[in-house]
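Student: For the sequence shown, my numbering gives the first residue as 1, with consecutive numbering after it. Sharing a structure, written as structure tokens. Questions coming.
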Amino acid sequence: SARSDCNMPESDDTRWGSPSFSPQAWLNASLREASSRPPDAGPAEPLGVRLSVLLTKLQLQAADVDTAMQEASLTLAHMAPSVAADVGAAQEQARSTRGELAALLEQAAAIEASS
């Protein structure tokens, strides 16, 4: 996970994977939070250190996303031949069913014509 001890709210970890997550909004909120610390909260973390920690979190999250994308791509590439074979079999079955249906319709028409 991209979480570290930099006074980020617990909910940040759960939002990383959300489609609505905005790194820009997260970064701005984190910097606002750091600048609005109460005076009795101890010494403020230098801005350069804060930015470095935030950048590292974003880089770690980007690495996690890259890994997930690579794994998904490999899975899809592995499944492609099987899916293509299944599609081919389904097409062949549809052709065969159409042929059988046409033959049944001819038989029904012949029976109807003879009665």
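The C-beta atom is built at its ideal place from N, Cα and C for all residues, glycine as well.
Alpha helix (DSSP H) containing P81: first to last residue?
Tutor: To locate residue 81, count along the sequence shown from 1; it is residue 81. L47 to S114 is the extent of the alpha helix (DSSP H) around P81.
Student: Does the Cβ of A68 have 16 or more other Cβ atoms within 10 Å, making it buried, or fewer, making it exposed?
Tutor: Counting from 1 along the sequence shown, the entry for residue 68 is found at position 68. Under this definition A68 is an exposed residue.
Student: CA-CA distance, S22 and A80?
Tutor: Within the sequence shown, residue 22 is the residue found at index 22, counting from 1. Within the sequence shown, residue 80 is the residue found at index 80, counting from 1. Computed Cα separation, rounded: 33 Å.
Student: Just reading off the alpha helix (DSSP H) that A34 is part of, what are its end residues?
Tutor: As a first step, residue 34 is located in the sequence shown; it is residue number 34 there, counting from the start. Element bounds for A34: P23 to S35.
Student: Using CA coordinates, which residue listed in I111, S18, R50 and S20 is at the minimum distance from L27?
Tutor: Here residue 27 refers to the residue found at position 27 of the sequence shown. Measuring from the Cα of L27, the nearest candidate turns out to be R50.
Student: Hey, how far is the Cα of S52 from the Cα of S73?
Tutor: Working through the sequence shown from its first residue, we reach residue 52 at position 52. Working through the sequence shown from its first residue, we reach residue 73 at position 73. For S52 and S73, the distance between alpha carbons rounds to 31 Å.
Student: Using C-beta distances below 7 Å, list every residue in its chain close to E45, excluding the 5 sequence neighbours before and after it, in chain order.
Tutor: Looking up residue 45 in the sequence shown gives position 45. Same-chain partners within the cutoff: A34.
Student: Please report the straight-line C-alpha distance between R95 and A29, rounded to a whole angstrom.
Tutor: The residue given as residue 95 occupies position 95 in the sequence shown. The residue given as residue 29 occupies position 29 in the sequence shown. When rounded, the distance between both Cα atoms is 60 Å.
Student: Rounded to the nearest angstrom, what separates M8 and L47 at their Cα positions?
Tutor: Within the sequence shown, the letter at position 8 stands for residue 8. Within the sequence shown, the letter at position 47 stands for residue 47. Confidence in M8 is poor, its pLDDT being 45 and thus under 50, which makes the residue's placement too unreliable to answer from.
Student: Between E162 and A63, what straight-line distance do the alpha-carbon atoms span, to the nearest angstrom?
Tutor: The chain is shown only over 1 to 115; residue 162 falls outside these bounds and no answer can be derived.
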